[in-house]
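Below is one structure, written out as structure tokens; the observations come after it.
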Amino acid sequence: MDAETKTCPLCAETIKAAAKVCPHCRHWQKRWSLQNPQVWVGIILLFYLAAMCVLGAVVEKVFGAKRDFSPYQSEISVLSSVISHRTSGTNHYVTVVGVVTNRSELAWEDVNLEARCFDAAGKLIDVISGKGDYGGVPVLAHAEAAFKIETRAAQPMSEYATHKVFVSWGKDATSWP
Ligand SMILES: [Zn+2]
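Pasting the structure below:
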């Protein structure tokens, strides 16, 4: 064997030193040549695997289990709230505005509130929930947020003696959609 030749590592035939592919067994002499179709198969497989990982993460994000709000419910509390009434045409509305505080480490993009309204005897006469036009309130971690919830009044204005606001539900700001 002179300097112009080498031995194919696969079939052990003597071939030209400059040969990229062994003429006897088609073995690629340089493993990482971009001309080697086997390298391309490897690159395509890697891209495919990466795409599958991204797709899996998206599917998990969209369809996977959402963070359970229950353990955090007590960490969001209502600091203050004020009830008011307004009339629009023949419709009578009852509105509660207030401030909630979030002591948890998590941001909540959708905190729903429920105001229970009682008459002078302490009977529950109306409920205002944070759904609809005045939907969930976004609350950052360790922050406060103002809210407004409103509904068509179920009772005459004079019946509303007291009210209390509860945090009913929250959606984790990191979840989709
Ligand atoms: Zn060979």
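When the letters of the sequence shown are read in order and numbered with the numbering used here, they come out as residues 1475 to 1651.
Beta carbons: idealized from backbone N, C-alpha and C, even for Gly.
Owing to the predicted nature of the structure, the values given are computational and were not obtained by experimental measurement.
Who are the Cβ neighbours of residue i in its own chain at under 6 Å, not counting the five residues just before and after it?
i, result
"residue 1620", "1573"
"residue 1614", "1581"
"residue 1571", "1556, 1622"
"residue 1602", "1570, 1589, 1623, 1625"
"residue 1509", "none"
"residue 1541", "1646"
"residue 1484", "1499, 1501"
"residue 1611", "1585, 1619, 1621"
"residue 1549", "1577, 1578"
"residue 1637", "1557, 1589, 1591"
Following the continuous beta strand (DSSP E) through residue i, name the residue where it begins and the one where it ends.
i, result
"residue 1634", "No beta strand (DSSP E) contains residue 1634, which DSSP labels as neither H nor E."
"residue 1593", "Run containing residue 1593: none; DSSP gives neither H nor E here."
Secondary structure at residue i, three-state DSSP: helix, strand or coil?
i, result
"residue 1480", "strand"
"residue 1450", "The chain is shown from 1475 up to 1651; residue 1450 falls before or after that span and cannot be answered."
"residue 1614", "coil"
"residue 1587", "strand"
"residue 1638", "strand"
"residue 1523", "helix"
"residue 1622", "strand"
"residue 1504", "coil"
"residue 1494", "coil"
"residue 1580", "coil"
"residue 1572", "strand"
Excluding the 5 residues preceding and the 5 following residue i in the sequence, name in chain order all residues of the same chain whose CB lies nearer than 8 Å to its CB.
i, result
"residue 1551", "1574, 1575, 1577, 1641"
"residue 1481", "1475, 1487, 1488, 1489"
"residue 1598", "1590, 1591, 1592"
Between residue i and the rest of its own chain, which residues show a CB-CB distance below 7 Å, the 5 nearest in sequence each way excluded?
i, result
"residue 1635", "1592, 1593, 1594"
"residue 1436", "Residue 1436 lies beyond the residue range present for the chain, which begins at 1475 and ends at 1651; the question has no answer from this structure."
So the alpha helix (DSSP H) residue i belongs to, where does it begin and stop?
i, result
"residue 1544", "1544 to 1547"
Could you check if residue i belongs to the surroundings of ligand 2, using beta carbon to heavy atom distance under 7 Å?
i, result
"residue 1487", "Looking at this structure, you won't find ligand 2 anywhere; what it does contain is ligand 1."
With ligand 1 as the reference, list in chain order each residue whose Cβ lies under 7 Å from any of its heavy atoms.
Those residues, listed in chain order, are 1482, 1484, 1485, 1487, 1489, 1496, 1498, 1499, 1501.
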